[in-house]
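Its first residue numbered 7, the sequence shown is counted upward by one per residue in my numbering.
First up is the structure itself, then whatever we jot down about it.
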Amino acid sequence: MAGSQIERVFSVLESLTSDPRGLPMQTLAERLDIPKSATHRLLAELMRLGYVRQNPETLRYHLSTKLVAMGFQYLSSSGADIVQPVLDRLAQETGELVRLGVIDGERQTWIAKAQGARTGLRYDPDMGRDAPLFYTASGHAWLACMSDAEALSMVEPQAAEVPVGVGPNAPRSNIELLERLRLAREQGYACVEESSAVGTSAIAAVVRHPGNGRVIGVLSIAGPSARMPGARLHELAPLLLTFSEELSAASLASELFI
Numbered sequence: 007m008a009g010s011q012i013e014r015v016f017s018v019l020e021s022l023t024s025d026p027r028g029l030p031m032q033t034l035a036e037r038l039d040i041p042k043s044a045t046h047r048l049l050a051e052l053m054r055l056g057y058v059r060q061n062p063e064t065l066r067y068h069l070s071t072k073l074v075a076m077g078f079q080y081l082s083s084s085g086a087d088i089v090q091p092v093l094d095r096l097a098q099e100t101g102e103l104v105r106l107g108v109i110d111g112e113r114q115t116w117i118a119k120a121q122g123a124r125t126g127l128r129y130d131p132d133m134g135r136d137a138p139l140f141y142t143a144s145g146h147a148w149l150a151c152m153s154d155a156e157a158l159s160m161v162e163p164q165a166a167e168v169p170v171g172v173g174p175n176a177p178r179s180n181i182e183l184l185e186r187l188r189l190a191r192e193q194g195y196a197c198v199e200e201s202s203a204v205g206t207s208a209i210a211a212v213v214r215h216p217g218n219g220r221v222i223g224v225l226s227i228a229g230p231s232a233r234m235p236g237a238r239l240h241e242l243a244p245l246l247l248t249f250s251e252e253l254s255a256a257s258l259a260s261e262l263f264i
């Protein structure tokens, strides 16, 4: 199969992940910038293979559960059973949302979580998406491990993707971002208050490979700002760093960390 054809297949799959309501063929054809006939052939083949299904009433195309099942199968055999109990204990101790992001090239992707809040306000974004680097604690924790020049080169591709609805304390310039990173380097962890969204706060620290010290992941705690003001974030820092070290040790037995 030609490289362009492979790219089209993955573009279809990635587009379908963006909307649980499914997408019409016309929309997919426009996104891929190819004729509807070619889009129809791609969808027909993906349906034959079991990766895509079509709603007979709306005629919209959806992802099937096959990709999800493959993902869970991979996680179950790659050490997630080692990592998840660590996240569960941290969530239980803090009462907040705990997330683990793994580093893959120039991306940090949230791949596991544990929710400590059982009642009241909850902050619970979807897994499987890349952590925005410019305005999240997870992004700042990772960027702070780089030089300023490296950090700015990492956020440049995301600059055009900063959503309108970010929090009022999100960095508004590279200068502001570099100041946040300087503070994160001094502290050994990154904190944000109402940066990624109004009413949310988070603290994050990197997970390093126990052998060579390379950053392999980022551990974060996030929740409503009403429960997690600045003072509370700093109170959580020692606990977060302890669990980051535990994940570092566990990484040798988990293929989640590459």
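Backbone N, C-alpha and C define an ideal beta-carbon position, used for all residues, glycine too.
- With a 10 Å radius around the Cβ and a threshold of 16 neighbouring Cβ atoms, P26 comes out exposed.
- Exposure of V170 is indicated by the presence of fewer than 16 other C-beta atoms within 10 angstroms of its C-beta.
- Cβ-Cβ separation between A210 and A147: approximately 4 Å, consistent with a contact (criterion under 8 Å).
- DSSP places D154 inside the alpha helix (DSSP H), whose first and last residues are D154 to V161.
- With a cutoff of 8 Å on beta-carbon distance, A228 and S201 are scored as not near each other.
- The DSSP-derived three-state label of L139 is coil.
- Contact annotation, V15 with L69: C-beta distance approximately 13 Å; criterion of less than 8 Å not satisfied.
- Among the bridge pairs identified by DSSP, I227 is matched with V104 and I209.
- A118: member of the beta strand (DSSP E) spanning R113 to Q121, first to last residue.
- Spanning the alpha carbons of G56 and R220 requires a straight line of approximately 38 Å.
- Taking 8 Å as the upper bound for CB-CB distance, A143 and V198 are in contact here, some 5 Å apart.
- A direct Cα-Cα distance of roughly 20 Å separates P177 from V224.
- Of all alpha-carbon atoms in P62, E252 and R238, the one lying nearest the alpha-carbon of E102 is that of R238.
- Per the coordinates, the alpha-carbon of G217 lies some 15 Å from the alpha-carbon of S250.
- For the set I222, Q164 and D154, the Cα lying nearest the Cα of A190 is the one of D154.
- At a Cβ-Cβ threshold of 8 Å, L93 and V104 count as neighbours.
- Within the same chain, and ignoring the five residues on either side of H215 in sequence, the residues whose Cβ sits closer than 6 Å to its Cβ are I222.
- Comparing alpha-carbon positions, the option among S231, G205, A196 and P235 lying closest to L247 turns out to be A196.
- Take D39, set aside five residues on each side of it, and no residue of its chain has a beta-carbon closer than 8 Å to its own.
- A Cβ-Cβ contact shorter than 8 Å links A256 with I88.
- Straight through space, the alpha carbons of P174 and S17 are spaced by roughly 33 Å.
- Looking at the DSSP output, Y67 shares a beta bridge with L29 and Q60.
- DSSP, read as helix, strand or coil, puts A196 in strand.
- DSSP places Q11 inside the alpha helix (DSSP H), whose first and last residues are G9 to T23.
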